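Trainee:
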Amino acid sequence: MALPLLPGYSFNKNLGKDKFHKSQHFDYSNGVRMLVGIEKPGIGGEPLLGQKLQPKYSVFPKGENTLAPSWVAFDKQVLCFDAYFQEPVPQSKEEKFRVRKCKIFFYLEDDTIQVVEPEVKNSGIPQGTLIRRHRISLPPPDDDQFYNVHHFNINQEMELYSRTFKITDCDPFTRNFLKNLGVRLNVNDSTPEDPYSNLRQQMEDSMKPLRPYERQDTLKQFLDHDRNVLRFFCHWDDSETMFGDPRQLILHYFLADDTIEIREVIFPNSGRDATPKFLHRSRLPKHAPIPVRQPGEKTDRTVLNVFGPMGHGGRFILDSLKTGAVEDNFYKDCDLTIGSVINVWGRNVTLCDCDNFTKEFYRTKYGIEDFTPVQYKAAPVPKPPRPVPPYNGFGSEEDSLCSCQGLLPKPPQKDFKKLMEKDRQGLESNVLRFVAKMETENPVDMERVFILSFYLSDDTIAVFEPTQRNTGVLGGKFLERGRVKKPGQELFKSSVSEYFTAQDLYVGARLLLNNQPFQLVDADEYALSYMEQHAEEFPRANLGTILSKIKSINKEKREQLITVTEAADTGVIQYEHFRSLLVAMECGLSEHEIMTLGRSYSERKQPEPDLGMMLAVAQDHLRKKHFEAFADMVRAFVHEDRNSSGLLPSQDARTICMAFQLPLNDDLLRALLARYEKESGEIDYNAFLSGINWRENPTPPVLPEDVLKFDVNRDGSPVGVASSTVNYSLMLEDIFGPLGTTGQGS
Numbered sequence: 002m003a004l005p006l007l008p009g010y011s012f013n014k015n016l017g018k019d020k021f022h023k024s025q026h027f028d029y030s031n032g033v034r035m036l037v038g039i040e041k042p043g044i045g046g047e048p049l050l051g052q053k054l055q056p057k058y059s060v061f062p063k064g065e066n067t068l069a070p071s072w073v074a075f076d077k078q079v080l081c082f083d084a085y086f087q088e089p090v091p092q093s094k095e096e097k098f099r100v101r102k103c104k105i106f107f108y109l110e111d112d113t114i115q116v117v118e119p120e121v122k123n124s125g126i127p128q129g130t131l132i133r134r135h136r137i138s139l140p141p142p143d144d145d146q147f148y149n150v151h152h153f154n155i156n157q158e159m160e161l162y163s164r165t166f167k168i169t170d171c172d173p174f175t176r177n178f179l180k181n182l183g184v185r186l187n188v189n190d191s192t193p194e195d196p197y198s199n200l201r202q203q204m205e206d207s208m209k210p211l212r213p214y215e216r217q218d219t220l221k222q223f224l225d226h227d228r229n230v231l232r233f234f235c236h237w238d239d240s241e242t243m244f245g246d247p248r249q250l251i252l253h254y255f256l257a258d259d260t261i262e263i264r265e266v267i268f269p270n271s272g273r274d275a276t277p278k279f280l281h282r283s284r285l286p287k288h289a290p291i292p293v294r295q296p297g298e299k300t301d302r303t304v305l306n307v308f309g310p311m312g313h314g315g316r317f318i319l320d321s322l323k324t325g326a327v328e329d330n331f332y333k334d335c336d337l338t339i340g341s342v343i344n345v346w347g348r349n350v351t352l353c354d355c356d357n358f359t360k361e362f363y364r365t366k367y368g369i370e371d372f373t374p375v376q377y378k379a380a381p382v383p384k385p386p387r388p389v390p391p392y393n394g395f396g397s398e399e400d401s402l403c404s405c406q407g408l409l410p411k412p413p414q415k416d417f418k419k420l421m422e423k424d425r426q427g428l429e430s431n432v433l434r435f436v437a438k439m440e441t442e443n444p445v446d447m448e449r450v451f452i453l454s455f456y457l458s459d460d461t462i463a464v465f466e467p468t469q470r471n472t473g474v475l476g477g478k479f480l481e482r483g484r485v486k487k488p489g490q491e492l493f494k495s496s497v498s499e500y501f502t503a504q505d506l507y508v509g510a511r512l513l514l515n516n517q518p519f520q521l522v523d524a525d526e527y528a529l530s531y532m533e534q535h536a537e538e539f540p541r542a543n544l545g546t547i548l549s550k551i552k553s554i555n556k557e558k559r560e561q562l563i564t565v566t567e568a569a570d571t572g573v574i575q576y577e578h579f580r581s582l583l584v585a586m587e588c589g590l591s592e593h594e595i596m597t598l599g600r601s602y603s604e605r606k607q608p609e610p611d612l613g614m615m616l617a618v619a620q621d622h623l624r625k626k627h628f629e630a631f632a633d634m635v636r637a638f639v640h641e642d643r644n645s646s647g648l649l650p651s652q653d654a655r656t657i658c659m660a661f662q663l664p665l666n667d668d669l670l671r672a673l674l675a676r677y678e679k680e681s682g683e684i685d686y687n688a689f690l691s692g693i694n695w696r697e698n699p700t701p702p703v704l705p706e707d708v709l710k711f712d713v714n715r716d717g718s719p720v721g722v723a724s725s726t727v728n729y730s731l732m733l734e735d736i737f738g739p740l741g742t743t744g745q746g747s
């Protein structure tokens, strides 16, 4: 009775199978169709009946938490075994067999084997790689299989291509790997000795001398002093010979091998051929010329014949005393000193001087400190002065002078280095600006104000007159930029005229510019700061020089200065009082030096910015840009004011101004918002918009006089602010020391 087809009673062999491919058994080999898949499995990779599939590679135990293939897991991991094999040597009476040592490398990634024989000196056998890296099959009848890691062990033999290798040992990595694999390693075996190799070793030992040879180490000197060369400047007087003259030479001494090379200094148009070298690099004998030696007369080592005939059978030893040795004395570094005379193959050459490296070498090694050069040249005959014709009035003086210095006139050369250093660089203008006034009795000219600009890059001066209202004088350029001669010089002369420099300009200086007298009455902040930063170039801005002048006054004036300090309660006085006091003392200080003192010991108060001036400048900018969107700005401010308080945070107000692209400078906008800001950090936007509205609330226009006053004032603030104060007591302490001990020191 047949069983019912219940679940689990199905006899379908393909149930759960997902591979149904058929292996390829036919292919082309050398252009011939043939059966190539005898060992391939059947459908789905399942073996056929009676078929035993051989693994393609060795199956190693998987590591912990790794599924990498063998060619990744065992990449660059090689097992190394020490082995040897015996090779028969027929038809030789000295040896019957030969023991050849080798290394067997087994690559775990693909089961390949490589056999390498280390090279032995003078073996006469081609050594190196005996078997290239590839998979090696087992000996018959298992030649269908290949060697894997399980076929290797210590103290066992293995046959590779009909040659029997015996493994004697392995390295620590191989030993640990096989132990972890579960292989039980055998005891290490020793490699048998090769009789012929022992015989050759005995012969080599018998050929060695009974006592060691003298060691001559020249490599250390080469390694220590390679590329180190001493250089001397020499002189050879050859004037005694016919058509001879003094010659200048350069001697190079090479410390690496004690050789000397000499080169001759060939001057242009000297009439001599420019030979490459005066003396080729070689060792220079002291007593030249030396006699020619016979072959074998001069040797590096001296030996003594103990007994026996010459040649085979005699006994020789090394002569440590070097009896009868022929030695030639050569120049060394200890023989070369400044002032010494050396013999260069019959020519007496005097060492006159050397370079800095040579001086340091002799100072370190021999302790020589005197390197005074030998004077071998006659003093040059002074050239007769070339008379220069006086200036004729055509062109500039420099241009006329260049036309007298050569047949081909060249333009005068400018100081290019000074031009590059003192040219404008970013915010550094390198231009000193002073306020000047005319020294005249004309009441109209006395009120005129001039701006004198001195350009440090080329020492040129330009004078500009700002426009002033109701003066009847047109402003503008007064003096073209150029160099200005100092007064009182002769016009038609041979020497170059003197021009005004930066050191001639200071507050209080009197200048004569093209027969017009001027006096410098003030300077801008940049000029004063620049002169104080470069005090070594400007003596009138040097605080140390100014204090030394005050310190040199007599005792009466010193006591008068101290009395003023004692009269002041706080030790601080106004700058005008300070200036009047120094002028009355007649300390010999100029106006610029007094200003430098006031700036150094001043206690300046920052003036409060004028709101009216700021609104006037802001409305002037808005008027020029035709900005009239004030009604829209009011609606925007009211929209942002949720509480209808008339106040908004300063940041929100600035954001609205930027959204309307208010054409004002960012610094000016921030300053205006800060003036309308309350203690709570909010601004009254109604007052702010009313102040900048140039349509409804116009302010007085900004006058040119105000801008001029703002620019030329000494401390950079508008005229009318409170002047700075000077710490008078601190200045006196720096000059005379503590006031309590001043009288005693006097």
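One gets the numbering used here by counting positions in the sequence shown from 1 and adding 1 to each. Virtual Cβ for every residue (Gly too), placed ideally from N, Cα, C. All values reported here derive from a predicted model rather than from experimental measurement.
Could you check whether the region 587–596 touches the region 492–512, counting it as contact only if at least three pairs of C-beta atoms, one from each stretch, sit closer than 8 Å?
Mentor: yes
Trainee: First and last residue of the beta strand (DSSP E) that includes Tyr108?
Mentor: Start at 1 with the first residue of the sequence shown, and residue 108 comes out as number 107. Segment 98–108, the beta strand (DSSP E) holding Tyr108.
Trainee: Identify which residue in Pro381, Leu50, Ala463, Glu448 has its Cα closest to the Cα of Asn471.
Mentor: Position 470 of the sequence shown, counting from 1, holds the residue named residue 471. Cα-wise, what sits closest to Asn471 is Glu448.
Trainee: By alpha-carbon positions, which one of Glu577, Met586, Phe362, Gly613 ends up nearest to Met596?
Mentor: Stepping through the sequence shown from its first residue, residue 596 is reached at position 595. For the residues Glu577, Met586, Phe362, Gly613, the minimum Cα distance to Met596 belongs to Glu577.
Trainee: What would DSSP say about Trp237, mapped onto helix, strand or coil?
Mentor: Here residue 237 corresponds to residue number 236 of the sequence shown, with the count starting at 1. Looking at Trp237 - three-state DSSP - the assignment turns out to be strand.
Trainee: Could you give the uninterrupted runs of the beta strand (DSSP E) lying entirely in the region 378–463, keeping only those of 3 residues or more?
Mentor: 432–439, 451–456
Trainee: Please determine, among Leu280, Asp227, Lys494, the residue with the shortest C-alpha to C-alpha distance to Tyr392.
Mentor: Here residue 392 corresponds to residue number 391 of the sequence shown, with the count starting at 1. From the listed residues Leu280, Asp227, Lys494, the smallest Cα separation to Tyr392 is found for Lys494.
Trainee: How many angstroms separate the CA atom of Pro119 from the CA atom of Val230?
Mentor: By 1-based counting over the sequence shown, the position of residue 119 is 118. By 1-based counting over the sequence shown, the position of residue 230 is 229. Computed Cα separation, rounded: 44 Å.
Trainee: Leaving aside the five residues before and after Arg134 along the sequence, list all residues of the same chain whose C-beta is less than 8 Å from its C-beta, in chain order.
Mentor: What you label residue 134 is simply residue 133 of the sequence shown in a count that begins at 1. Cβ neighbours of Arg134 beyond the five flanking positions: Phe106, Tyr108, Thr113, Ile114, Gln115.
Trainee: If you draw a straight line from the C-alpha of Gly129 to the C-alpha of Pro193, how long is it?
Mentor: For this step, residue 129 is matched to residue 128 along the sequence shown. For this step, residue 193 is matched to residue 192 along the sequence shown. Between Gly129 and Pro193, the C-alpha separation is close to 21 Å.
Trainee: Just the Cα atoms here: how many angstroms apart are Thr338 and Tyr367?
Mentor: Sequence index remark: in the sequence shown, residue 338 carries index 337 (1-based). Sequence index remark: in the sequence shown, residue 367 carries index 366 (1-based). Their Cα atoms are separated by approximately 11 Å.
Trainee: Work out the CA separation of Lys415 and Thr260 for me, nearest whole Å.
Mentor: Within the sequence shown, numbered from 1, the residue matching residue 260 stands at position 259. Within the sequence shown, numbered from 1, the residue matching residue 415 stands at position 414. For Thr260 and Lys415, the distance between alpha carbons rounds to 50 Å.
Trainee: Under a three-way DSSP split, which group does Met35 fall into?
Mentor: Mapped onto the sequence shown, residue 35 falls at position 34. Strand, per DSSP.
Trainee: Does DSSP classify Leu220 as helix, strand or coil?
Mentor: Position 219 of the sequence shown holds residue 220. DSSP, reduced to helix, strand and coil, places Leu220 within a helical segment of the structure shown.
Trainee: Given a threshold of 16 other Cβ atoms within 10 Å of its Cβ, counted over all protein chains shown, does Lys63 qualify as buried or as exposed?
Mentor: For the purposes of this step, residue 63 is identified with residue 62 of the sequence shown, where counting begins at 1. Here Lys63 scores only 48 on pLDDT, less than 50, and its place in the model should not be relied on; the value that follows carries that caveat. Lys63 should be labelled exposed.
Trainee: In this structure, does DSSP put Asn181 in helix, strand or coil?
Mentor: The residue you call residue 181 lines up with position 180 of the sequence shown. Shown here, Asn181 sits in a helix according to DSSP, grouped into three states.
Trainee: Can you list, in chain order, the residues of its chain whose CB lies under 7 Å from that of Tyr677, leaving out five sequence neighbours each side?
Mentor: Residue 677 sits at position 676 when you count from the first residue of the sequence shown. So the list reads Ile684, Asp685, Ala688, Phe689, once near-sequence residues are dropped.
Trainee: Around the Cβ of Trp346, are there at least 16 other Cβ atoms within 10 angstroms (buried) or fewer (exposed)?
Mentor: For the purposes of this step, residue 346 is taken as residue 345 along the sequence shown, with counting starting at 1. Classification for Trp346: exposed.
Trainee: Could you tell me if Phe358 is buried or exposed, where buried requires 16 or more neighbouring beta carbons within 10 angstroms of its beta carbon?
Mentor: Numbered from 1 along the sequence shown, position 357 holds the residue referred to as residue 358. Its Cβ having fewer than 16 others within 10 Å, Phe358 is exposed.
Trainee: For Arg643, does the count of other Cβ atoms within 10 angstroms reach 16, so buried, or fall short, so exposed?
Mentor: Mapped onto the sequence shown, residue 643 falls at position 642. Exposed, because fewer than 16 other Cβ atoms sit within 10 Å of the Cβ of Arg643.
Trainee: If you draw a straight line from the alpha carbon of Phe223 to that of Leu256, how long is it in whole angstroms?
Mentor: Position 222 of the sequence shown, counting from 1, holds the residue named residue 223. Position 255 of the sequence shown, counting from 1, holds the residue named residue 256. Taking the straight line joining both Cα atoms gives about 8 Å.
Trainee: In the DSSP output, which residue or residues are listed as bridge partners for Asp83?
Mentor: As a first step, residue 83 must be located in the sequence shown, where it is residue number 82. Its beta-bridge partners are Lys104, Asp170.
Trainee: Please classify Phe153 as buried or exposed, where buried requires at least 16 neighbouring CB atoms within 10 angstroms.
Mentor: Your numbering for residue 153 matches position 152 in the sequence shown. So Phe153 ends up on the buried side.
Trainee: What is the DSSP secondary structure of Glu560, reduced to helix, strand or coil?
Mentor: Numbered from its first residue, the sequence shown carries residue 560 at position 559. It is helical.
Trainee: Between which two residues does the alpha helix (DSSP H) containing Val639 stretch?
Mentor: The residue labelled residue 639 in the question sits at position 638 within the sequence shown. Note, Val639: alpha helix (DSSP H), 631–641.
Trainee: Buried or exposed, going by whether 16 or more other CB atoms sit within 10 Å of the CB of Trp695?
Mentor: Residue numbering aside, residue 695 sits at position 694 when the sequence shown is read from its first letter. The residue in question, Trp695, is buried, as its Cβ has 16 or more Cβ neighbours within 10 Å.
Trainee: Return the chain-ordered list of same chain residues with a C-beta closer than 8 Å to the C-beta of Leu16, the five sequence neighbours on each side being excluded.
Mentor: Position 15 of the sequence shown holds residue 16. Result list for Leu16: empty, nothing under 8 Å.
Trainee: Give the straight-line distance between the Cα atoms of Phe98 and Gly183, rounded to the nearest whole angstrom.
Mentor: On the sequence shown, position 97 is the one that residue 98 refers to. On the sequence shown, position 182 is the one that residue 183 refers to. Going from the Cα of Phe98 to the Cα of Gly183 covers about 37 Å.
Trainee: Rounded C-beta distance between Phe519 and Met439? I'm assuming under 8 Å.
Mentor: Numbered from 1 along the sequence shown, position 518 holds the residue referred to as residue 519. Numbered from 1 along the sequence shown, position 438 holds the residue referred to as residue 439. Sure, about 6 Å apart at Cβ, within 8 Å.
Trainee: Go through its chain and collect everything with a Cβ distance to Phe579's Cβ below 7 Å, but skip five positions before and after it.
Mentor: The residue you call residue 579 lines up with position 578 of the sequence shown. Only Gly599, Val727, Tyr729 meet the Cβ criterion.
Trainee: Comparing C-alpha positions only, which one of Ser496, Leu492, Glu491, Lys487 sits nearest to Thr502?
Mentor: Here the question's residue 502 lines up with position 501 in the sequence shown. The option with the nearest alpha carbon to Thr502 is Lys487.
Trainee: How big is the Cα-Cα spacing for Lys41 and Cys103?
Mentor: For the purposes of this step, residue 41 is taken as the residue at position 40 of the sequence shown. For the purposes of this step, residue 103 is taken as the residue at position 102 of the sequence shown. If I take the Cα positions, the gap works out to 37 Å.
Trainee: Counting only the same chain and skipping the five closest in sequence on each side, list residues whose C-beta sits under 8 Å from that of Pro390.
Mentor: Your numbering for residue 390 matches position 389 in the sequence shown. Correct list, in chain order: Cys405, Ser495.
Trainee: Closer than 8 Å is the cut-off here; do at least three beta carbon pairs connect the region 197–211 with the region 323–337?
Mentor: no
Trainee: Where does Gly692 land, buried or exposed, given buried means 16+ other C-beta within 10 angstroms?
Mentor: In the sequence shown, counting from the first residue as 1, residue 692 sits at position 691. Around the C-beta of Gly692, 16 or more other C-beta atoms lie within 10 Å, and the residue is accordingly described as buried.
Trainee: Sorted by chain position, which residues of the same chain lie with C-beta nearer than 7 Å to Ala528's C-beta, five sequence neighbours on each side aside?
Mentor: If you number the sequence shown from 1, residue 528 lands on position 527. Within the same chain, Ala528 has close Cβ partners Leu433, Arg434, Phe435.
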